[in-house]
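Let me begin by presenting the structure, written as structure tokens, before commenting on it.
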Amino acid sequence: MSAQSTPAAESAVGAAVVHRLPDDRWRVSEIVFWLIPVVAFFALPGYLVLGSQILIVGLFAVSLDLILGYAGLVSLGQAAYFGVGAYTAGLLAVHGWGEPLSGLLLAGLLAGLVGWLASFLVVRGEDLTRLMVTLGIALVLYEAANKAGSITGGVDGLSGVTMWKVLGLFKFDIVGRVAYLYSLVVLFVLFLLMRRLVHSPFGLSLRGVRERRKRMPAIGASVREREMAVFTISAAVAGVAGALLAQTTQFVALDALGFGRSAELLIILVLGGTGRLYGGLVGAAVYMIAQDYLSGINPVYWQFWIGALLVVIVLFARGGIMGGLEFLYTKIARRAP
Amino acid sequence: MIANLVGVLFDGIAYGALLFLISIGLSVTMGLMNFVNLAHGAFAMLGGYATIVAMTRLGVPFLGALPIAFVVSALVGAVLERLLYRRLYKASHLDQVLFSIGLTFMAIASATYIWGPGLQPVNLPDFLIGQVKVVGLDLGAYRLFLITLVIVITAALVFLVERTRFGAQVRASVDSQQASAGLGIDVNRVFSLTFALGSGLAGLGGGLGIDVLGLDPTFPIKYMVYFLLVVAVGGAGAIKGALVAAVILGIFDVAGKYFVPEVGAFVIYVLMVVLLILFPAGLYGRRG
Numbered sequence: 002m003s004a005q006s007t008p009a010a011e012s013a014v015g016a017a018v019v020h021r022l023p024d025d026r027w028r029v030s031e032i033v034f035w036l037i038p039v040v041a042f043f044a045l046p047g048y049l050v051l052g053s054q055i056l057i058v059g060l061f062a063v064s065l066d067l068i069l070g071y072a073g074l075v076s077l078g079q080a081a082y083f084g085v086g087a088y089t090a091g092l093l094a095v096h097g098w099g100e101p102l103s104g105l106l107l108a109g110l111l112a113g114l115v116g117w118l119a120s121f122l123v124v125r126g127e128d129l130t131r132l133m134v135t136l137g138i139a140l141v142l143y144e145a146a147n148k149a150g151s152i153t154g155g156v157d158g159l160s161g162v163t164m165w166k167v168l169g170l171f172k173f174d175i176v177g178r179v180a181y182l183y184s185l186v187v188l189f190v191l192f193l194l195m196r197r198l199v200h201s202p203f204g205l206s207l208r209g210v211r212e213r214r215k216r217m218p219a220i221g222a223s224v225r226e227r228e229m230a231v232f233t234i235s236a237a238v239a240g241v242a243g244a245l246l247a248q249t250t251q252f253v254a255l256d257a258l259g260f261g262r263s264a265e266l267l268i269i270l271v272l273g274g275t276g277r278l279y280g281g282l283v284g285a286a287v288y289m290i291a292q293d294y295l296s297g298i299n300p301v302y303w304q305f306w307i308g309a310l311l312v313v314i315v316l317f318a319r320g321g322i323m324g325g326l327e328f329l330y331t332k333i334a335r336r337a338p
Numbered sequence: 003m004i005a006n007l008v009g010v011l012f013d014g015i016a017y018g019a020l021l022f023l024i025s026i027g028l029s030v031t032m033g034l035m036n037f038v039n040l041a042h043g044a045f046a047m048l049g050g051y052a053t054i055v056a057m058t059r060l061g062v063p064f065l066g067a068l069p070i071a072f073v074v075s076a077l078v079g080a081v082l083e084r085l086l087y088r089r090l091y092k093a094s095h096l097d098q099v100l101f102s103i104g105l106t107f108m109a110i111a112s113a114t115y116i117w118g119p120g121l122q123p124v125n126l127p128d129f130l131i132g133q134v135k136v137v138g139l140d141l142g143a144y145r146l147f148l149i150t151l152v153i154v155i156t157a158a159l160v161f162l163v164e165r166t167r168f169g170a171q172v173r174a175s176v177d178s179q180q181a182s183a184g185l186g187i188d189v190n191r192v193f194s195l196t197f198a199l200g201s202g203l204a205g206l207g208g209g210l211g212i213d214v215l216g217l218d219p220t221f222p223i224k225y226m227v228y229f230l231l232v233v234a235v236g237g238a239g240a241i242k243g244a245l246v247a248a249v250i251l252g253i254f255d256v257a258g259k260y261f262v263p264e265v266g267a268f269v270i271y272v273l274m275v276v277l278l279i280l281f282p283a284g285l286y287g288r289r290g
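Heads up: the protein sequence lines correspond to chains A and B, in order.
Counting in the working numbering, the first sequence runs from 2 upward without gaps.
Counting in the working numbering, the second sequence runs from 3 upward without gaps.
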């Protein structure tokens with residue numbers, strides 16, 4: 002597989018971060034970045050529903066970034082864990098337990114458990130086998146949810162999700178103020194944990210797996226264990242994202258588990274840029290805002306242009322938006338002194 | 003019961019033959035160029051629409067429209083290979099997956115725009131409709147035609163790969179690109195021709211499959227799993243493997259949907275996961 006390792010190394014050249022040792026001090030740009038959603042809450046009160054969707058999809062995209070951007074594990078079925086989380090939280094609320102935080106926790110745990118079980122299958126074989134296994138697991142879960150209509154509502158979706166107040170204080174309102182802040186806080190807390198994770202020695206070893214699989218065992222690092230661990234964590238985070246969507250929209254659609262969602266997520270992450278954590282968030286914002294504007298005109302055009310965009314990104318702009326920004330930044334920084 | 007069983011087996015084999023015809027190009031692309039092409043189903047869809055257009059607009063009969071489907075898909079495949087695919091042979095699998103998902107989306111949107119979202123009907127000639135009595139069994143005429151045609155094409159393919167100079171070049175390139183290039187084989191030309199041939203066969207399969215698989219713009223995604231499965235289970239680059247895998251898949255899918263309709267779709271996915279765990283490199287994989 003020598004042909005495969007060369008481009009991975011090439012694409013990593015664009016990301017200056019890769020060559021540095023982990024450094025988890027907060028940069029000013031990061032603090033500014035996190036102020037944006039806070040400012041948006043006060044400045045754009047009419048867009049809070051869209052805003053919370055962006056935050057949730059952003060969290061989902063970051064979960065994919067953990068396995069794809071850091072460990073280099075391509076998954077076509079990330080929606081499986083998103084869906085498990087969404088249905089867990091949704092079903093809990095439908096059957097009388099509408100407490101949001103414990104719902105999130107349970108959804109994350111269950112999705113993590115499913116991810117852990119799936120990881121035994123996923124770590125076997127080459128890229129193609131992995132694609133097929135991740136896709137296959139998602140398809141099986143989709144069919145299961147579809148057939149078990151009496152429990153999940155099948156194609157009609159799961160409705161009747163009623164949530165209690167967050168922390169017993171804040172009731173979910175119609176304009177989405179509570180939903181937005183709730184999603185933002187959950188996203189931020191999980192982001193902090195994931196940021197810590199990728200900057201830890203474990204995170205560094207994941208990059209080792211991505212760059213040179215075969216050499217990792219030589220330095221005493223088990224590739225299999227690391228891949229299973231990160232896959233499980235990623236599934237748990239995806240589950241929390243799914244649960245957030247179920248709780249804030251008070252509905253679970255069957256397509257939470259669909260292939261479309263997994264493919265869309267890949268697009269979002271690649272659009273933003275992989276291996277940076279922030280790429281997923283930026284990608285989610287750009288994608289969802291563009292979709293909100295453009296798909297209103299004609300959904301068919303939207304699909305065409307998103308496909309074209311994907312082709313162009315792969316051919317000409319491997320790093321996505323964040324890669325482009327980093328490129329500009331290094332150019333300017335080089336010219337300055 | 004026995005007659006049912008034979009009928010299901012027969013339908014399954016016909017279905018598998020069709021899957022084989024469409025997937026063989028993908029298998030060769032994967033084995034030869036190590037390229038994960040999720041857009042392969044789009045070539046089959048193109049062949050399907052080419053058949054429809056040739057029949058309804060140009061008045062070509064069904065059997066005459068099939069070669070047109072082959073040629074149209076092969077030409078489009080050749081052009082795309084030259085312009086786009088070639089640039090990504092050395093890219094990572096992730097890039098290839100993304101690129102081909104992008105192409106698939108564009109194909110789906112274009113097909114919806116041009117032909118609308120509906121299912122396309124096809125008018126088969128009279129002699130392909132109804133049942134034929136073979137050794138006391140009622141067999142679907144169209145399925146019999148399908149199986150015969152695929153046997154002929156497979157024989158031609160095996161001859162092409164095993165007995166001709168071009169076939170030897172393909173086999174050499176699958177085994178080692180570097181050594182083949184060193185021996186003076188124009189590997190790029192081999193790639194282009196095989197890609198075009200594979201796309202053409204997919205187009206032919208798409209035309210033949212309108213009656214069996216149905217044809218609408220979501221075709222490339224709906225059957226993507228099946229095509230990938232044939233390749234993953236059969237082992238990339240192996241004609242025999244793809245054939246065995248396609249027939250196993252076809253039989254299990256038809257049998258599952260016939261005997262246990264309530265869990266029908268599971269059969270195929272469970273089978274896939276089990277087979278991939280037992281044979282991570284495919285039944286006849288050349289690359290472990």
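Even for Gly, the Cβ is constructed at its ideal location relative to N, Cα and C.
The model shown is predicted, which means the values in this text are computed figures rather than measured ones.
Taking only three categories from DSSP, how would you classify Lys259(B)? helix
Does chain A have any CB closer than 8 Å to the CB of Met108(B)? Residue contact with chain A for Met108(B): present (Cβ-Cβ distance below 8 Å to some residue of chain A).
Please classify Tyr330(A): is it buried, with 16 or more other beta-carbons within 10 angstroms of its beta-carbon, or exposed? If you draw a 10 Å sphere on the C-beta of Tyr330(A), you find fewer than 16 other C-beta atoms in it, and that means exposed.
Sort Val8(B), Met32(B), Leu48(B) and Glu264(B) by Cα distance to Val176(B) and report the nearest one. Met32(B)
Quick one: which chain B residues come within Cβ less than 8 Å of Leu110(A)? Result: empty, since nearest Cβ-Cβ is about 24 Å, beyond 8 Å.
Using the C-alpha atoms, what's the distance from Leu65(B) back to Leu295(A)? When rounded, the distance between both Cα atoms is 43 Å.
Please report the straight-line C-alpha distance between Pro282(B) and Lys224(B), rounded to a whole angstrom. Take the alpha-carbon of Pro282(B) and the one of Lys224(B): they are about 24 Å apart.
Residue-level contact to chain A via CB, Tyr260(B), 8 Å cutoff: no
With DSSP run on the structure shown, which of helix, strand or coil describes Gln79(A)? coil
Residue ranges of each beta strand (DSSP E) run of no fewer than 3 residues wholly in the region 113 to 175 of chain A, ordered along the chain? none
Within a Cβ cutoff of 7 Å, which residues of the same chain sit near Val95(A), ignoring the five residues on either side of it in sequence? Leu159, Gly161 and Val162.
Determine the extent of the alpha helix (DSSP H) in which Lys224(B) is found, giving its start and end residues. Phe221 to Lys224
Beta-carbon proximity list for Ile103(B), same chain, < 7 Å, skipping 5 on both sides: Leu40
What residues from chain B crowd round Phe305(A), counting only those whose CB sits closer than 8 Å? Phe107, Met108, Ala111, Ser112 and Tyr115
Can you give me the start and stop residues for the alpha helix (DSSP H) that Val63(A) sits inside? Leu49 to Asp66
Skipping 5 residues on each side, what residues in its chain have a beta carbon closer than 7 Å to that of Ala239(A)? Phe61, Ser64, Gln79, Tyr82, Phe83, Gly86 and Ala112
Mind checking Gln180(B): buried by the 16 CB within 10 Å criterion, or exposed? exposed
Determine the contact status of Leu270(A) and Gly284(A), defining contact as a CB-CB distance below 8 Å. yes
Same chain, Cβ closer than 6 Å to Ala10(A), five either side skipped, listed in chain order: Low confidence applies to Ala10(A): its pLDDT is 43, below 50, so where it sits in the model is not reliable, and the reading given next is rough at best. Cβ neighbours of Ala10(A) beyond the five flanking positions: none.
To the nearest angstrom, how far is it from the Cα of Gly284(B) to the Cα of Glu327(A)? 41 Å
Spatial neighbours of Ala4(A) within its chain, please: CB distance less than 6 Å, with the 5 preceding and 5 following residues excluded, ordered by chain position. For Ala4(A), the predicted structure reports a pLDDT of 40, less than 50, and the residue's modelled location is therefore unreliable. The matter cannot be settled from this model.
Let me know if Tyr51(B) comes out buried or exposed under the rule of 16 or more other beta-carbons within 10 Å of its beta-carbon. buried
Shorter than 8 Å from the beta carbon of Leu316(A) to some beta carbon of chain B? Leu316(A) belongs to the set of residues whose beta carbon lies under 8 Å from a beta carbon in chain B.
Less than 8 Å separating the beta-carbons of Val134(A) and Leu122(A)? yes
Count the other CB atoms, across all protein chains shown, that sit within 10 Å of the CB of Gln248(A); report buried if there are 16 or more and exposed otherwise. With 16 or more other Cβ atoms within 10 Å, it is buried.
So with CB distances below 7 Å, who are the chain A contacts of Phe268(B)? Within chain A, the residues whose beta carbon sits less than 7 Å from that of Phe268(B) are Val141 and Glu144, listed in sequence order.
State yes or no: is the C-beta of Thr130(A) nearer than 7 Å to some heavy atom of the ligand HEM? The model depicted lacks the ligand HEM and carries no ligand whatsoever.
Say whether the region 137 to 151 of chain B touches the region 7 to 16 of chain B, bearing in mind that this needs 3 or more beta-carbon pairs closer than 8 Å, one atom from each stretch. yes
Between Arg335(A), Ala264(A), Ala242(A) and Gly47(A), which has its C-alpha nearest Tyr88(A)'s C-alpha? Ala242(A)
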